[in-house]
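Numbering (the numbering used here), first residue to last: 169 to 383. For each residue, glycine too, the CB sits at the ideal point set by N, CA and C. Comments concern the structure below.
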């Protein structure tokens, strides 16, 4: 399954430490060769790769929560001017007041603003047959995604000690809300709920076609 999904040793390392980075990160929110994914907040489409292959609602993915990262990204004039990401296992990223000021910043037509934004990054392995086991990296700095990421970390924090050496399987779905500025229309956000835990070595046999083999 490669290095993108949590291994037994990494899980046990997290269990052996008194510091619970997942609970801490959840309370605070909210170098890979994987293909990058994106979530469109206007349409609710979750896709990856150059061909924008879509991940449908209710599809399942193996999640590398152990390797998740959080931090900051700074945008200016539609370009990233600096990015600081810290593995969750290493603790909190630097405080916002310590970040370099790259201003002046401007407000964009879509309501977003330049400057520093909180960012979260996580890797998934898609289990559906149509995706051929591809591994993707999903990054987001939108406020609407921070709470779902925090919810995922909270659930992981509650359950991972009871599932030593196992990988969490999450189900992708999406929610929606109406922003204060209604002229922009309904907005969508992704959700990732842990629905199963499985030994890494059992993944190919159990989820050979993207669903449990005995179902």
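| query | result |
| --- | --- |
| How long is the line joining the alpha carbons of residue 200 and residue 347, rounded to whole angstroms? | Only weak support is given to the placement of residue 200: the predicted model assigns it a pLDDT of 45, under 50, and the value that follows is read from those uncertain coordinates. Answer to the nearest angstrom: the Cα atoms are 34 Å apart. |
| Starting from residue 293 and walking both ways along the beta strand (DSSP E), at which residues does that stretch end? | 283 to 294 |
| Following the continuous alpha helix (DSSP H) through residue 316, name the residue where it begins and the one where it ends. | 311 to 327 |
| Answer with buried or exposed for residue 198, where buried requires no fewer than 16 other C-beta atoms within 10 angstroms of its C-beta. | For residue 198, the predicted model reports a pLDDT of 41, less than 50, meaning its position is unreliable; a value from the coordinates is still stated below. So residue 198 counts as buried. |
| The alpha helix (DSSP H) that contains residue 305, what's its start and end? | First-last for residue 305: 303 to 308, but that is the beta strand (DSSP E), not the alpha helix (DSSP H). |
| Roughly how many whole angstroms lie between the Cα atoms of residue 240 and residue 374? | 37 Å |
| Between the C-alpha atoms of residue 286 and residue 319, what's the straight-line distance to the nearest angstrom? | 16 Å |
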